[in-house]
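**Student:**
Protein chains: 2
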Amino acid sequence: MVTSVDVAKLAKVSRATVSAVINRNRYVSKELEKRVLNAIKKLNYKPNAIARSLKTKYTKTIGLVIPNIGSPFFSFLVEGIESFSNKNGYNIILCNSDENSEKERDILDVLLGKSVDGLIMIPTGSKNKDYIFKNVIKSKKPIVFLDREINGIEADVVVSENIVGAYETTNFLFKNGYKNIAIITHSEDITPGKKRLEGYIKSLKENKIEIKEEYIKSGGFSSKEGYLNCEDIFRESKIKPDSIIVASSHLELIGVLNYLDDHNIKIPKDIGLIGFDDLPWVRYLNPPLTVNTVPMFEMGNKAAELVIDKIESKKHYNNKPNKISFKRKLIIRNSTNIIY
Amino acid sequence: MVTSVDVAKLAKVSRATVSAVINRNRYVSKELEKRVLNAIKKLNYKPNAIARSLKTKYTKTIGLVIPNIGSPFFSFLVEGIESFSNKNGYNIILCNSDENSEKERDILDVLLGKSVDGLIMIPTGSKNKDYIFKNVIKSKKPIVFLDREINGIEADVVVSENIVGAYETTNFLFKNGYKNIAIITHSEDITPGKKRLEGYIKSLKENKIEIKEEYIKSGGFSSKEGYLNCEDIFRESKIKPDSIIVASSHLELIGVLNYLDDHNIKIPKDIGLIGFDDLPWVRYLNPPLTVNTVPMFEMGNKAAELVIDKIESKKHYNNKPNKISFKRKLIIRNSTNIIY
DNA sequence: ATGAAAGCGCTAACAC
DNA sequence: GTGTTAGCGCTTTCAT
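Protein sequences, first through last, are from chains A and B. So for the first sequence, our numbering puts the first residue at 1311; every next one is plus one. So for the second sequence, our numbering puts the first residue at 1311; every next one is plus one.
(1) Residues in its own chain within less than 6 Å of K1579 of chain A by CB, not counting five upstream and five downstream?
(2) If you check the beta carbons only, do I1432 of chain B and D1457 of chain B fall under 8 Å apart?
(3) Taking 8 Å as the CB-CB limit, is I1549 of chain A close to chain B?
(4) Along the alpha helix (DSSP H) that carries F1484 of chain B, what are the first and last residues, could you check?
(5) Suppose you measure from the CA of H1626 of chain A to the CA of T1501 of chain A; what does that come to, to the nearest Å?
(6) Give, in chain order, every residue of the stretch 1582–1605 of chain B whose Cβ lies closer than 7 Å to some Cβ of chain A.
(7) Within the same chain, show all residues whose beta-carbon is closer than 7 Å to that of G1582 of chain B, passing over the 5 residues directly before and after it, in chain order.
(8) Looking at the secondary structure, which residues open and close the alpha helix (DSSP H) in which K1413 of chain B lies?
(9) Taking 7 Å as the limit between beta carbons, can you name the residues of its chain near T1479 of chain A, skipping five residues before and five after?
(10) With a CB to CB cut of under 6 Å and the five nearest residues on each side skipped, what residues in its chain are close to M1606 of chain A?
(11) Which residues in the same chain have their Cβ closer than 6 Å to the Cβ of I1649 of chain A, if we skip the five residues on either side of it in sequence?
(12) Could you tell me the distance, in whole angstroms, from the CA atom of S1339 of chain A to the CA atom of S1324 of chain A?
(13) Is the Cβ-Cβ distance between Y1537 of chain A and I1493 of chain A less than 8 Å?
(14) Which residues in chain B sit within 8 Å of P1287 of chain A, going by Cβ to Cβ distance?
(15) Run the CB neighbour count on H1496 of chain B, radius 10 Å, all protein chains shown included, and call it buried at 16 or more, exposed below.
(16) If you follow the beta strand (DSSP E) that T1600 of chain B is in, where does it begin and where does it stop?
(17) Determine the burial state of A1613 of chain B: buried for a count of at least 16 other Cβ atoms within 10 Å of its Cβ, exposed for fewer.
(18) Let me make sure I understand the geometry here. Which of A:N1611, A:I1463, A:K1413 has the alpha-carbon closest to that of K1397 of chain A?
(19) For the pair the stretch 1437–1457 of chain B and the stretch 1616–1624 of chain B, tell me if three or more CB-CB distances fall below 8 Å.
(20) State the DSSP-derived secondary structure class of S1466 of chain A, mapped to helix, strand or coil.
(21) At a cut of 8 Å, does the stretch 1435–1450 of chain B reach the stretch 1407–1414 of chain B through at least three beta carbon pairs?
(22) From what residue to what residue does the alpha helix (DSSP H) around T1501 of chain A run?
(23) If we count the other Cβ atoms within 10 Å of its Cβ and call it buried at 16 or more, is V1467 of chain B buried or exposed?
(24) Using a Cβ cut-off of 7 Å, which residues of the stretch 1453–1474 of chain B contact any Cβ in chain A, in chain order?
(25) Helix or strand or just coil, what does DSSP make of N1406 of chain B?
(26) For K1527 of chain A, which residues of its own chain have a beta-carbon under 7 Å away from its beta-carbon, when the five flanking residues on both sides are left out?
(27) By the DSSP assignment, the beta strand (DSSP E) with A1492 of chain B in it spans what residues?
(28) Which residues share a DSSP beta bridge with F1383 of chain A?
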């Protein structure tokens, strides 16, 4: 391995000078600079980031904890995060918590041990609240929560207008004549799930529609669970739903599609369907799916911007946390009818 | 920051002993071990991985270079990689080359500087061949190429049976009566593109079908390019294709879907369509799409297994490279007819 | 304007 | 069986 010592020797300068020309943090004469640069080139010298980090305490890496890398919604967020981070000289260490809070804690341990400069996480829920408070917040390690929050933790947050989004979606259905509106959301421990349910209920109340337990299913992420949730709705309800809002993951949506298909329930003829998040393929479903969506790449970008800001401007450190909330938008396609 | 010195003091032992109980690499009496463990707990001590890496030369991280994180095919690969890596105590640094070879080189520079223990990459093409040879292969840094290879570089490789896959897909179409089969692939600098084209041509030759330039389009990744490629095929061909194999990305597939939709060309009535890679939603397209596919998660897993093997068993180091090739499989759904 | 040297937190060779 | 200490490659303070 070629080190700064080798460069210094070849250029006949001190290691301090080598360091100075690399980091441009103190004056070096043209003459010496040239010699150093030449030596660097000749030796194909690359500074060792590990050694630098040990000294400076900065690793130029951000830890990223995601519940499911394979999920396209998350991977668009990751794309946004990676993009902004890379442009600003940061790398990301990507970890998959698999919606499992124990795995999540282990990941956090490792990430903290590797001295990431900051963290972005989409938490699995609130189970690690105390751990995070003790090991991240208290130690002033910058963190931003993305898409999902943890109640009671004061930190930067980038989310979307889940209440309004679900409220408007439900209203839209109501205005088109739907009266028996079912919803499938995340479990309530996941903030978007809780908030979307809140928006749904708000709309129902305002529109004076009775709220029925059997129309509300939550929990699960897989398409199997989507299938089962849908099945439960149909089995438990005397009056079958005339529409379903799938306000959880794309996999649950696929499960619902699967159930409807298996039972020959046609969209939108027999049932209206609205999904959440406009993934590239949903407009090519049969029929093209109406969705309530949010700019995913931009959300990721923003999260990265916030951590990096915090990492680099310790002075602002005691400011109160940033809460960014992205507007959601209903994209109307052909998966619902006007039925009145 | 609490260091091993603090622990040593509190436990009244030497730092070597602290290190030994953490790494379990030399005998420590029960008595001392207990004192150390207690001190660690009391101080909430976490070993500093940076310092350890500086000493040991191992970072327990793998660099991962992907052309497009947002692409579900790649993100399933990443999921497999992350899963295997994490189980074995490795983290991954994820970088997006954006199908851009210059960005790719910069990424490699940074990753190497951060002393990753090994690399997994899906190369953008062969432009960085010399760079990789000089900075990775020659320095014996373990690397495995995933999904795409670089010709002339001797390294581990995890790919799929692209020639056979495209060959069988084309044969299937032929057997069902299709005679005017078009194909859209990656550019030829990307090995799967080259090989899929090879398989397609092999089938055509065997079936004594004339090979027409205007039925073959390659290049691009976006849905816009898919749209344009499809448009070109229709514009340039006197006899319109009766079927299209979309052997590139899911985004190009979406572009093709979009073109066909815009021109009211119905699948499979007016045209047969076969895609590559069985993403969760393709069976819910209209109509359910026939695809030639490969187990993505498993491919990622295997790639991780190979790098880690190489990282950890330096002794085998001069073995000849592993070439793993995953079988592809045709999943027949309803996007083609039997037309004879 | 540049060099010498200390020290970041850890591991491991050596000493006892 | 355990402690002492050098040193990983870098940055940065201090001295000149």
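The beta carbon of each residue, even a glycine, is placed where N, CA and C say it ideally should be. Model, not experiment: these values are computed from the prediction.
**Tutor:** Let's see:
(1) none
(2) yes
(3) no
(4) 1472–1485
(5) Caution applies to H1626 of chain A, whose pLDDT of 49 falls short of 50 and renders its modelled position unreliable; the value that the coordinates give is listed next. Each residue's Cα considered, the two are about 28 Å apart.
(6) P1590, W1591, Y1594, L1595, N1596
(7) L1483, Y1488, D1552, S1553, S1645, T1646, N1647
(8) 1411–1423
(9) I1555, I1584, N1602, L1640
(10) F1386, L1387
(11) G1487
(12) 13 Å
(13) no
(14) Here chain A has residues from 1311 to 1650 only, and residue 1287 of chain A is not among them.
(15) buried
(16) 1600–1603
(17) buried
(18) A:N1611
(19) yes
(20) Note that residue 1466 of chain A is Asp in the sequence shown here, rather than Ser. Note: D1466 of chain A maps to strand in three-state DSSP.
(21) yes
(22) 1501–1516
(23) buried
(24) none
(25) strand
(26) I1494, N1539, D1542, I1543
(27) 1491–1495
(28) DSSP output for F1383 of chain A lists no bridge partner at all.
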